[in-house]
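Okay, so here's the structure we're looking at.
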């Protein structure tokens with residue numbers, strides 16, 4: 003089985019689905035990674051580990067480190083889009099304005115790699131990030147161009163006990179909730195690879211708790227998936243290949 007992990011920025015794969023990817027890799031799934039950008043518009047670290055000008059190259063290396071920490075890597079590709087800088091009042095932006103072109107590019111990659119499962123952002127962009135929403139919609143459009151469609155799963159499906167509701171896609175009910183503690187060390191190591199973003203990872207939790215927080219403390223022990231294609235009928239139980247592989251780790 004071949005899975006394409008498609009996300010907007012380096013670190014999305016780890017923080018949103020690193021446990022799932024580590025489990026699937028351990029179970030023999032061939033995982034290919036695709037990043038729309040190199041995260042050029044992100045933070046440069048505290049203290050700075052890069053300049054804004056060379057941040058993309060730094061984060062490219064960080065992503066390579068992270069995906070290898072999660073398991074065996076089928077391939078790692080970057081689409082070459084530039085991540086915009088964060089605007090005033092922390093305004094976020096998409097990385098391009100031609101979704102049709104993006105979906106065509108995804109279609110070509112799916113066909114070239116003979117992908118069986120596509121994993122990407124949820125419909126709400128997790129916390130509403132326009133680049134995440136763009137990746138989600140382009141993935142759906144890409145599958146609509148294909149006669150032979152891979153399954154499409156999205157990350158951070160919503161459920162009542164979600165550990166970080168701010169990251170949950172409110173419109174995407176979780177079809178699988180997974181306990182990833184068995185591979186948590188791999189997920190933590192992958193998160194630590196994203197050194198330039200480590201301060202960002204812990205900032206909110208440190209503020210909420212009123213004390214410095216380590217990266218290990220903010221890495222989620224539970225992850226969730228929502229299946230978009232094929233669409234689940236009401237009351238239908240997941241019985242596809244991915245759900246069978248992940249069933250020993252599901253808690254719902």
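Residue numbers (our numbering): 3 to 254. Even for Gly, the Cβ is constructed at its ideal location relative to N, Cα and C. All values reported here derive from a predicted model rather than from experimental measurement.
Quiz item: Can you tell which of 193, 241, 35 and 133 has the C-alpha that lies nearest to the C-alpha of residue 79?
Solution: 35
Quiz item: Among all the DSSP beta bridges, which residues are the ones paired with residue 231?
Solution: The secondary-structure analysis by DSSP pairs residue 231 across a beta bridge with 154.
Quiz item: Between residue 110 and residue 138, is the Cβ-Cβ spacing less than 8 Å?
Solution: no
Practice problem: Kindly provide the ranges of any alpha helix (DSSP H) runs that are 4 or more residues long and lie completely inside the stretch 106-152, ordered along the chain. | Solution: Segments of the alpha helix (DSSP H) lying fully in the stretch 106-152: 127-130 and 132-146.
Practice problem: Could you check what DSSP says for residue 85 in three-state terms: helix, strand or coil? | Solution: coil
Quiz item: For residue 179, which option in 223, 6, 31 and 91 has the closest C-alpha, if you only look at C-alpha atoms?
Solution: 223
Quiz item: Touching or not, the stretch 9-18 and the stretch 185-199, by the rule of three or more beta carbon pairs under 8 Å?
Solution: yes
Quiz item: What are the boundary residues of the beta strand (DSSP E) that residue 38 is part of?
Solution: 32-39
Practice problem: Using three-state DSSP, classify residue 25 as helix, strand or coil. | Solution: helix
Self-check item: Cα-Cα separation between residue 148 and residue 6, rounded to whole angstroms
Solution: 15 Å
Self-check item: DSSP state of residue 76 mapped onto helix, strand, coil
Solution: Reduced to three states, the DSSP call for residue 76 is coil.
Quiz item: How would you call residue 253, buried or exposed, if buried means at least 16 neighbouring beta carbons within 10 angstroms?
Solution: exposed
Exercise. Spatial neighbours of residue 164 within its chain, please: CB distance less than 6 Å, with the 5 preceding and 5 following residues excluded, ordered by chain position.
Key: 170
Quiz prompt | Beta-carbon proximity check, residue 174 vs residue 228, cutoff 8 Å | solution = It is a contact, given that the beta carbons lie within the stated cut-off.
Exercise. Take every Cβ of the stretch 201-217, pair it with every Cβ of the stretch 83-90, and state whether three or more of those distances are shorter than 8 Å.
Key: no
Quiz item: So residue 3 packs on residue 99, CB below 8 Å; how close in whole Å?
Solution: That belief does not hold up - the Cβ atoms of residue 3 and residue 99 are roughly 34 Å apart, past 8 Å.
Quiz item: Would DSSP call residue 169 helix, strand or coil?
Solution: helix
Self-check item: Nearest to residue 183 (by Cα), restricted to the options 103, 250 and 37
Solution: 250
Quiz item: Beta-carbon separation of residue 192 and residue 68 under 8 Å?
Solution: yes
Exercise. Look at residue 140 and residue 159 and say whether their C-beta atoms are less than 8 Å apart.
Key: Between residue 140 and residue 159, the gap from beta carbon to beta carbon reaches 8 Å or more.
Exercise. Would you be able to state if there are at least three C-beta pairs under 8 Å between the stretch 36-45 and the stretch 59-68?
Key: yes
Quiz item: Measuring CB to CB, does residue 72 end up less than 8 Å from residue 24?
Solution: yes
Quiz item: Can you tell me where the alpha helix (DSSP H) with residue 211 in it begins and where it stops?
Solution: Residue 211 -> alpha helix (DSSP H) spans 200-211.
Quiz item: Which same chain residues, not among the five before or five after residue 242, have their C-beta less than 7 Å away from its C-beta?
Solution: Cβ neighbours of residue 242 within its own chain (closer than 7 Å, five residues either side excluded): 153.
Quiz prompt | Coarse secondary structure for residue 44, derived from DSSP in three states | solution = The three-state secondary structure of residue 44, taken from DSSP, is coil.
Quiz item: Counting along the chain, where does the beta strand (DSSP E) carrying residue 241 start and finish?
Solution: Looking at the DSSP string, residue 241 is not in any beta strand (DSSP E), and its letter there is neither H nor E.
Quiz prompt | Cβ of residue 69 within 8 Å of any chain D Cβ | solution = Structure shown: chain D not included; a single protein chain is present.
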